[in-house]
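If you read the sequence shown in the working numbering, its first letter stands for residue 61, the second for the next number, and so on. Here is the structure we will look at.
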Amino acid sequence: MKRNILILSGLMMGITAVITLIFLNNRPPAAIQPQNLALAAQPSDTPVDNEDWAAISRGEQQLLDSSGNPIPMNNPGFDWQYHERNRNPLRVAGLKGARAGREEMMHFMRSYPADTIPLTARLDAYNLYEAQLAQLSPQQSRTFAANVWQQLGPDPITGEQMGELAIDASGRVTAVAVHPTNPNIVYIGAAQGGIWKTTDGGNSFVPLTDAQASLAVGTIALDPSNPNTIYVGTGEPHGSDSYYGLGILKSTNGGQSWQLLGSNTFVGLAFANIVVNPSNPNLVYAAAGFTKTDENHPQTGTPGIYRSTNGGQSWELLASACGTNGCASSSALVMPSNNPNTLYAAFDGYGIYKSTDGGANWNQSFGLSVAHDRIEVAISPSNPAVLYAGFEVYRQDGSSFGAVFKSNNSGQSWSQLNSLQYSYCGEQCGYDNILAVHPTNPNIVLAGGQAVYSGNVPGIDGVVFRTDDGGNSWSFNSGINEATTVHPDLHAIAFAPSNPNIVWIGNDGGAYKSSDGGHTWQVRNNDLATLQFQSVALHPTDPNVFFGGMQDNSKTKTTNSGQSWVGLDAGDGGFTAIDPFDPRYWYGTRFSSRGQYMQFQRNDQSGTPNADDWPVLANGIDVNDRVLFYAPLLTDPNTAGRVYWGTHRLYRSNNRGDNWTAISPDLTKGYAISAINVLKGNSNYIMTGSADGLVALTKNGGSNWFDITSAPLPNRWVADVVMVNEQLFYVAFSGFAANTPGTLGHVFRSNDGGNSWVDISHTGQNNGLPDIPVLALAVDPDDANVVYAGTDFGVYQTTNGGQNWVPFNQNLPLVAIFDLAIHKYPNGAKQLVAATHGRSLWKLPLGSTQPPGDQAVYLPYIGKRAPFDPQPQPTAVPTSSAPTATPTQPPNATATPQPTPTFTPTPGSNNLPEVPNGDFEQGQNGDWFEDSLNGEPLIVNNGLPINAHSGSWVAWLGGLDDEISSLSQSFFLTDVTGPLYLKFYYQIRSDDECGFDFVYVLLDGNTVLQSDLCSSEETNSWQAASVDLADFVGSSVTVEFLVTTDSSVSSSFFIDDVAFAASP
61 MKRNILILSG LMMGITAVIT LIFLNNRPPA AIQPQNLALA AQPSDTPVDN
111 EDWAAISRGE QQLLDSSGNP IPMNNPGFDW QYHERNRNPL RVAGLKGARA
161 GREEMMHFMR SYPADTIPLT ARLDAYNLYE AQLAQLSPQQ SRTFAANVWQ
211 QLGPDPITGE QMGELAIDAS GRVTAVAVHP TNPNIVYIGA AQGGIWKTTD
261 GGNSFVPLTD AQASLAVGTI ALDPSNPNTI YVGTGEPHGS DSYYGLGILK
311 STNGGQSWQL LGSNTFVGLA FANIVVNPSN PNLVYAAAGF TKTDENHPQT
361 GTPGIYRSTN GGQSWELLAS ACGTNGCASS SALVMPSNNP NTLYAAFDGY
411 GIYKSTDGGA NWNQSFGLSV AHDRIEVAIS PSNPAVLYAG FEVYRQDGSS
461 FGAVFKSNNS GQSWSQLNSL QYSYCGEQCG YDNILAVHPT NPNIVLAGGQ
511 AVYSGNVPGI DGVVFRTDDG GNSWSFNSGI NEATTVHPDL HAIAFAPSNP
561 NIVWIGNDGG AYKSSDGGHT WQVRNNDLAT LQFQSVALHP TDPNVFFGGM
611 QDNSKTKTTN SGQSWVGLDA GDGGFTAIDP FDPRYWYGTR FSSRGQYMQF
661 QRNDQSGTPN ADDWPVLANG IDVNDRVLFY APLLTDPNTA GRVYWGTHRL
711 YRSNNRGDNW TAISPDLTKG YAISAINVLK GNSNYIMTGS ADGLVALTKN
761 GGSNWFDITS APLPNRWVAD VVMVNEQLFY VAFSGFAANT PGTLGHVFRS
811 NDGGNSWVDI SHTGQNNGLP DIPVLALAVD PDDANVVYAG TDFGVYQTTN
861 GGQNWVPFNQ NLPLVAIFDL AIHKYPNGAK QLVAATHGRS LWKLPLGSTQ
911 PPGDQAVYLP YIGKRAPFDP QPQPTAVPTS SAPTATPTQP PNATATPQPT
961 PTFTPTPGSN NLPEVPNGDF EQGQNGDWFE DSLNGEPLIV NNGLPINAHS
1011 GSWVAWLGGL DDEISSLSQS FFLTDVTGPL YLKFYYQIRS DDECGFDFVY
1061 VLLDGNTVLQ SDLCSSEETN SWQAASVDLA DFVGSSVTVE FLVTTDSSVS
1111 SSFFIDDVAF AASP
């Protein structure tokens, strides 16, 4: 790695001229008054009343059975919109119910007790998170840099059971984009897993957006005229456990760096499609909608079709469909290859609309008079007059199926493809629904969604379906019993434009590639650490064993610290545990559509893969209890064979689940238990939390229960409860404080056994947690004041019982943490493990706990940037009088021994001390303590881009990416008798417009000067600075210069001629 200094030359006039020409040739269209399509048409509430695989045709809007015979229209009064808006998050049934249960649980965790998630809550939390990172004290910056999270995986799981086969699996892939001229370059987007890129056709992948504001991906679009320009719509639109977005990410260098656009416009929304005008790349269109999680309770930006005329810098709404029942999502947007002024857009429940003037005016191209929801649209690149559309259509019982239609005349008329007499997307067409047309042959189409396996429909066995004759006949080429099967639940599909034989699909099991046009498929999940974990469990004695449950990929384990992973069981995995007394017994949960609740399971062979080895144990459990989709379980830390299971009451088994007994009354306000904890050392103490904000405690093993929910605990989803001893408790709450304005906070502490509580969150403050859901807690087993909080924005840490919180995400993607596990092994080693919702598992080895005094010192909030001002700032006072520990040396750092404080009086100058080697002319002689994370020497005399202030040596801090460099020396000031100032000369050189590079001047670890290092601060000559040390006269002091730089661009801070003086 090389230090670089950016020198701007006199080319600006030429650049300006070029930009002007481009602007004149691409004059932006006039602003458009947005069109509300709902004013012309209302969605139908009439369900289909016919056989399972009904057909629907245009014209008279007749309903046809699978033989093509008309069926009379029938409206029994079924209100499908009411049905959708009032699904029970606690008890849902059927295949559609599994999806509904997940998405409702995701929403209620964040919205309760309100129906909506506050509009700007996530954006506000992200802004505070970024400000907190920028203001970490140097001590915490060192701790942050030294505590680097390590990816455990899976990346991917091997041998996940899928029907009769075992396949490799990663997490849900929601978007795919293939380079227009190089089919080896592919971008995929994952559900809370971010953007990944391959340059070798899928043999390997690298993540591109781990540090971005949102890792939830809805769509990816490449600029056809410059495929290095990438647009990513954040927010996943297809339901299940989907996260909302924060706008559009744009890269102009193939994904090396990103800019967040439109966050205020698109806050809370998700994206179905983005298209870029091939002849004018400044014109960009986006189809925005709800995440489905928020669809029934929206408080977001307006869904619809948007346009940007300046490459995404600003956006205007072109069309929406907002009626009396709210707004509809835009689920599809396509543009003909031969006419970029024409657009086709789909609106859930309203139909397909067409514009021929770049979005200024819209007319309905196709609609149905029966109840329908999501619509997918695909257009032929080689013959843009040919379009295909897939509709999710509702039956009277609320279930749904897929029907495919085709237009051969640019949308003027449509006809049903009756040959597809079964639902290509099963009964989950609102969740999984794909269509794509071959790049050069308009008759070749691929379709898919939910797996249709043998037994679902007689004679049908497949996941991806293909027609070669424009829809007259279909074949299924990915049967469940074939070696080329694919994971069910398809969300994304893309042909390679330069090689149509190459097709990519994304599903709940990751990414798949076909090299023969979709006839056969190969899994391409190498390196994809994108699993959506719900939980993680640690082995009681072996630090190499990890076990967890995941969305739609059941359970997985590793016995070699992540080198390989094995799939266990099948279906949706939830909570997991390993028996602490006999680790042969492993426990887990799985959603059951038949039993309508999450089932408790046990494996007696240390977690074997076969689903038959995970029997359901429910003897004594009332299946009519209210229960969450992911129901909590817990092993007793003190009593062998004892496990707990939560519905709306608490069950206990003393024989590892063979028999169950309810040991509590209803411990909720009407929902279900969401968290359980048993005190280590005393099993009489059991604590629970409920999804509707009730915290309960028993001190006698369940004979008597107490409601310990008292102010200031909020009425929100209880995400975690922890008892450290009989007096010290912690409770974590999900949701947003904005929905309970009288009771803020996310983490609370009781020092008296739950009789009273203290909010230790400092919500929204610089030293606190953002107003963001806290989903998990982990307390250090050696120091109960050290607490880790898993949030929707990664991990936060406090080392003083909640007086201060700091981000704790070094190398950890900015993703939701659904579970945290901390464990101290018999050999004394400790590790912290994070279960992420989209980036698999991560671990952090933990050393000895630092003394309470070694806590972050928060700097004054200085806004976006301020000029470097050599004036003393208020000194932050440590939160404890305990001595500050010396930071642990990073393993790759170089350092000289810490010198003993020196004092050599300067004659006739109030006994001013001398600064040994203050002009650095003696080189690295040991007077200064040098600490460089990247191992570079800091006192140098060659390779300098500047001249020294005096002599030829200077101190050079920074200049490298991801660098923390520090230069310090200690002094006795006990004999000083008059005024005292620290004086030095400095220069700043930077290629950063203003990012996250900072310089600090510290006295005894407390910041007295701070500034961003950015081009606005750049100095082309030496500047003098002085600091008043009057408050330190009579004591000893350590003077430290410290620079931190981020990963994008580097900045340098040069120092020379450091000295003490009696005047400024």
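Think of the CB as a built atom: it goes at the ideal place given N, C-alpha and C, for glycine as much as any other residue. Please read these numbers as outputs of a predicted model, since none were measured by experiment.
Once the 5 residues before and after residue i are set aside, which same chain residues still bring their CB inside 8 Å of it?
i	result
SER1123	PRO1039, TYR1041
THR259	ASN244, ILE245
GLY753	TYR172, PRO173, LYS729, THR769, LEU773, PRO774, ASN775, ARG776, TRP777, VAL778, PHE793
GLY761	ILE723, SER743, ASN744, ILE746
SER302	GLU163, MET166, ALA251, ALA276, GLY295, GLU296, ALA330, THR351, LYS352, THR353
Under the three-state reduction of DSSP, which class applies to residue i: helix, strand or coil?
i	result
GLU220	strand
ARG1049	strand
ASN324	helix
ARG650	strand
ASP767	strand
ARG899	coil
TYR172	coil
LEU188	helix
GLU164	helix
ASN815	coil
ASN423	strand
ASP1091	helix
GLY431	According to the sequence displayed, residue 431 carries Ala and not Gly. It is coil, neither helix nor strand.
LEU9	This structure leaves residue 9 out entirely; the chain is present only between 61 and 1124.
ASP1116	strand
LEU193	helix
Here's the rule I'm using: 16 or more other beta-carbon atoms within 10 Å means buried, otherwise exposed. How should residue i be labelled?
i	result
VAL683	exposed
ALA571	buried
GLY1003	exposed
SER479	exposed
ARG644	exposed
THR241	exposed
PHE766	exposed
ASP879	buried
THR636	buried
ALA379	buried
ALA1015	buried
VAL266	exposed
PRO725	exposed
Taking 7 Å as the limit between beta carbons, can you name the residues of its chain near residue i, skipping five residues before and five after?
i	result
GLY978	ASP1117, VAL1118, ALA1119
HIS143	Low confidence applies here, because HIS143 scores a pLDDT of 31, under 50, leaving its location unreliable and the question unanswered by this model.
GLN665	ARG644, ASP673
Could you pull out every residue in the same chain whose Cβ sits closer than 6 Å to the Cβ of residue i, ignoring the five residues on either side in sequence?
i	result
LEU739	TYR745, MET783
SER810	PHE789, TRP817
ILE504	HIS498, ASP528
PRO88	In this prediction, PRO88 scores a pLDDT of 39, lower than 50, which makes its location untrustworthy; the coordinate-derived value is nonetheless stated afterwards. The answer, listed in chain order, is THR369.
SER389	GLY349, PHE350, PRO363, ASP408
ASN845	ASN860, GLY861
How about residue i: is its Cβ closer than 7 Å to a heavy atom in the ligand NAP?
i	result
ARG650	Ligands are entirely absent from the displayed structure, and the ligand NAP is therefore not among its contents.
Mind reading off the beta-carbon distance from residue i to residue j? Whole number of angstroms is fine, and I expect it under 8 Å.
i	j	result
VAL336	ALA281	6 Å
ALA229	GLY627	6 Å
ILE681	TRP705	7 Å
ALA1133	GLY278	Missing from the structure shown is residue 1133; the chain here goes from 61 to 1124 and no further.
ILE877	LEU892	Contact doesn't hold; Cβ gap of about 11 Å is too wide.
Continuous beta strand (DSSP E) assignments of at least 3 residues falling wholly in the segment 366 to 400: 376 to 380, 390 to 394
To test your reading of the DSSP string, which unbroken beta strand (DSSP E) runs of 3 or more residues are found completely within the segment 246 to 326? 246 to 250, 254 to 258, 277 to 283, 286 to 294, 308 to 311, 319 to 321
Every unbroken beta strand (DSSP E) inside the segment 556 to 638 [3 residues or more]: 559 to 567, 570 to 574, 593 to 598, 606 to 610, 614 to 618, 626 to 628, 633 to 638
Which runs of the beta strand (DSSP E) spanning at least 3 residues fall entirely within the segment 765 to 803, listed in chain order? 778 to 783, 789 to 793
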